[in-house]
Amino acid sequence: MNLDVSVVVITIAYFIILVFTYAVTVLRSSEDVKGQEIINKAFDHAYIILIAGLVIVYFLVIFPHIPIDSQTTSYLLLASKFISVLTLGGSLFVLNRKRRYKH
Numbered sequence: 038m039n040l041d042v043s044v045v046v047i048t049i050a051y052f053i054i055l056v057f058t059y060a061v062t063v064l065r066s067s068e069d070v071k072g073q074e075i076i077n078k079a080f081d082h083a084y085i086i087l088i089a090g091l092v093i094v095y096f097l098v099i100f101p102h103i104p105i106d107s108q109t110t111s112y113l114l115l116a117s118k119f120i121s122v123l124t125l126g127g128s129l130f131v132l133n134r135k136r137r138y139k140h
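Given below as structure tokens:
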């Protein structure tokens, strides 16, 4: 495994831990129903982004006119996962902030 891939994986793992910690604090600090709705909606957004990214990578791999090797494919998959984690964190932050300012 290259050093670059290791750094990217560690960075993604750090962001995953950071986002899930924020999700736990959102769930614990708010009412059970509101926190659950926020987390469900944020995960829905993240899953949609992840699936869209994986579909794009899949079509890039099977499209014969674009030569992509395995290392580029792995970077694209990691980028797709990283974007979905950032989407999850951003959605949690924005939805939690909207809920606070409504009251």
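For what it's worth, the numbering used here labels the leading residue of the sequence shown as 38, then goes sequentially. Quick reminder that beta carbons are idealized off the backbone N, C-alpha and C, glycines included.
Assignment of histidine 102 by DSSP, reduced to helix, strand and coil, places it in the coil class. A residue is called buried when at least 16 other Cβ atoms come within 10 angstroms of its Cβ; isoleucine 88 does not meet this threshold and is exposed. Minimum Cα-Cα distance from threonine 124 among the listed residues Leu40, Val56, Pro101, Asp41 corresponds to Val56. For the pair of segments examined, the segment 120 to 135 was found to touch the segment 43 to 53: the number of CB pairs separated by less than 8 Å reaches three. With fewer than 16 other Cβ atoms from the protein chains shown falling within 10 Å of its own Cβ, serine 107 counts as exposed. For alanine 83, the CB contacts under 8 Å within the same chain, skipping 5 residues up- and downstream, are Ser121, Val122, Thr124, Leu125, Ser128 in chain order.
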